[in-house]
Amino acid sequence: MITKKKHQFKYWIGQIHLWLGLTSGLFVCFLGITGCILAFQREIEDAVQSYRYAEVRNEPLLPPSEIKKIANLALPNKEAHSISYQQGRASVVSYFKEGEDYYWTVFVDPYSGEVLKVKDMAWDFFRIMIMGHYYLWLPPEIGQPILATATLMFTFLLFSGLVLWWPKNKAASKKRFSVKWSARWRRVNYDLHNVFGFYMTWILIFLAFSGLVMGFQWFAKSVYWLSSGGKQMIPFEESISKSASDARLVALAADKGPAEDILWARARAERTGFKGSMDVHPPHSKTSSVEISVN
Numbered sequence: 032m033i034t035k036k037k038h039q040f041k042y043w044i045g046q047i048h049l050w051l052g053l054t055s056g057l058f059v060c061f062l063g064i065t066g067c068i069l070a071f072q073r074e075i076e077d078a079v080q081s082y083r084y085a086e087v088r089n090e091p092l093l094p095p096s097e098i099k100k101i102a103n104l105a106l107p108n109k110e111a112h113s114i115s116y117q118q119g120r121a122s123v124v125s126y127f128k129e130g131e132d133y134y135w136t137v138f139v140d141p142y143s144g145e146v147l148k149v150k151d152m153a154w155d156f157f158r159i160m161i162m163g164h165y166y167l168w169l170p171p172e173i174g175q176p177i178l179a180t181a182t183l184m185f186t187f188l189l190f191s192g193l194v195l196w197w198p199k200n201k202a203a204s205k206k207r208f209s210v211k212w213s214a215r216w217r218r219v220n221y222d223l224h225n226v227f228g229f230y231m232t233w234i235l236i237f238l239a240f241s242g243l244v245m246g247f248q249w250f251a252k253s254v255y256w257l258s259s260g261g262k263q264m265i266p267f268e269e270s271i272s273k274s275a276s277d278a279r280l281v282a283l284a285a286d287k288g289p290a291e292d293i294l295w296a297r298a299r300a301e302r303t304g305f306k307g308s309m310d311v312h313p314p315h316s317k318t319s320s321v322e323i324s325v326n
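Read in order, the letters of the sequence shown correspond to residues 32 to 326 in the working numbering.
What follows is the structure in structure tokens.
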């Protein structure tokens, strides 16, 4: 009786595994291909886009406000979102605004102020790839749930595969870790799926979980709750300057100059020899804060 129940259990697990694989497989394959392309984005762009570089010179860098002013002349009537700096690379001024349908970048030599490239990111190859990877090139409210659901199905596929892989006894376990190459092609094909599927599961499960965190808010909040010991995820809110009498604002005003330039200079002074990237987000209103991201 117990053996019969186990057989029925594995039969239904096998059916679930089969249909989940058929349903989610195409989407997961698509995510894998676009994900591999995006993984090498930096290397490919650096190899074919020479305007991303700027020779390091023994000259002072132009401050963010100057870089932004130069970029605004090259691309008028749009709002600059950020200005990035990195040693040996052009400064990149990104233009996009929530609720408006545009995304441009302007590449500027941070020493001379020369505009190296003005680029509409709507036609950028990797931008197109990432929109496919996130949304299947559909409206976000349609494409994202489709891919997130396919990823959830794929996660169940991995666990059901482990159940089917699990050996009945010690003798059977020897066949679960290696391919019998001398067998007929059907057995070799089965072993390839069974054995390599087991080894790859431990990598794929992390990829699937990261996709679920990005795809479902409830999953992201659950992971945060578990990993933080029961704390709730705090939603992002932009910091705003509520009072001009704040002591920090008074001290900042004493330096005389645009806030983004002053804070950028301070951030650089605190990181002598820093070779990573520094993104400056200038204020877009009187109450907006200045954000500096360092990577």
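Quick reminder that beta carbons are idealized off the backbone N, C-alpha and C, glycines included. Only a predicted model underlies this, so the values are computations on that prediction, with no experimental measurement involved.
Exercise. With C-beta atoms as the reference, is residue 117 less than 8 Å away from residue 308?
Worked result: Against the sequence shown, residue 117 aligns to sequence position 86. Against the sequence shown, residue 308 aligns to sequence position 277. Closer than 8 Å, so yes.
Problem set entry | Beta-carbon proximity list for residue 12, same chain, < 8 Å, skipping 5 on both sides | Because the chain here runs from 32 to 326, residue 12 falls outside it and cannot be looked at.
For this session: Just mark residue 185 as buried or exposed, buried being the case when its beta carbon has 16 or more other beta carbons within 10 Å.
Result: The count along the sequence shown starts at 1 and reaches residue 185 at position 154. Per the 10 Å Cβ criterion, buried.
Exercise. What does a CB cutoff of less than 6 Å around residue 264 pick up in its chain, not counting 5 residues either side in sequence?
Worked result: On the sequence shown, position 233 is the one that residue 264 refers to. Excluding positions up to five away in sequence, the list reads 252 and 255.
For this session: Check each candidate in 298, 306, 248 and 294 and name the one with the smallest Cα separation from residue 320.
Result: Start at 1 with the first residue of the sequence shown, and residue 320 comes out as number 289. Ranking the options by Cα distance to residue 320, first place goes to 294.
Problem set entry | Pick from 164, 191, 193 and 189 that is closest to residue 179, judged by C-alpha positions | Here residue 179 refers to the residue found at position 148 of the sequence shown. Per the Cα distances, 164.
Problem set entry | Whole-angstrom distance between residue 231 and residue 56, CA atom to CA atom | For the purposes of this step, residue 56 is taken as residue 25 along the sequence shown, with counting starting at 1. For the purposes of this step, residue 231 is taken as residue 200 along the sequence shown, with counting starting at 1. In a straight line, the C-alpha of residue 56 is about 15 Å away from that of residue 231.
Exercise. Which stretch, first to last residue, makes up the alpha helix (DSSP H) that contains residue 195?
Worked result: Stepping through the sequence shown from its first residue, residue 195 is reached at position 164. Segment 171-196, the alpha helix (DSSP H) holding residue 195.
Exercise. Taking the alpha-carbon positions, what's the residue 236 to residue 322 distance?
Worked result: Mapped onto the sequence shown, residue 236 falls at position 205. Mapped onto the sequence shown, residue 322 falls at position 291. Cα to Cα, residue 236 sits roughly 35 Å from residue 322.
Exercise. Taking buried to mean at least 16 other C-beta atoms within 10 Å of its own C-beta, is residue 42 buried or exposed?
Worked result: As a working note, residue 42 is residue 11 in the sequence shown. The residue in question, residue 42, is exposed, as its Cβ has fewer than 16 Cβ neighbours within 10 Å.
Exercise. Should residue 137 be labelled buried (16 or more other beta-carbon atoms within 10 Å of its own) or exposed?
Worked result: Position 106 of the sequence shown, counted from the first residue, corresponds to residue 137. Result: buried.
Problem set entry | Coarse secondary structure for residue 322, derived from DSSP in three states | Translated into positions along the sequence shown, residue 322 becomes position 291. Looking at residue 322 - three-state DSSP - the assignment turns out to be strand.
Problem set entry | Complete alpha helix (DSSP H) runs within the segment 59-112 (minimum length 4 residues, chain order) | 72-79 and 95-105
Exercise. How is residue 297 classed by DSSP in three states: helix, strand or coil?
Worked result: Working through the sequence shown from its first residue, we reach residue 297 at position 266. Of the three classes helix, strand and coil, the one that applies to residue 297 here is helix, per DSSP.
Problem set entry | Cβ distance (whole Å) where residue 315 is taken to contact residue 97 below 8 Å | Here residue 315 refers to the residue found at position 284 of the sequence shown. Here residue 97 refers to the residue found at position 66 of the sequence shown. Not a contact, Cβ separation roughly 18 Å.
Exercise. When the Cα atoms are used, what is the spatial distance from residue 67 to residue 288?
Worked result: If you number the sequence shown from 1, residue 67 lands on position 36. If you number the sequence shown from 1, residue 288 lands on position 257. When rounded, the distance between both Cα atoms is 44 Å.
Exercise. Between the beta-carbon of residue 149 and the beta-carbon of residue 135, is there less than 8 Å?
Worked result: Taking the first residue of the sequence shown as 1, we reach residue 149 at position 118. Taking the first residue of the sequence shown as 1, we reach residue 135 at position 104. Yes, they are a contact pair.
Exercise. Helix, strand or coil: which one does DSSP assign to residue 265?
Worked result: As a working mapping, residue 265 is identified with position 234 in the sequence shown. In this structure, residue 265 counts as coil in the three-state DSSP scheme.
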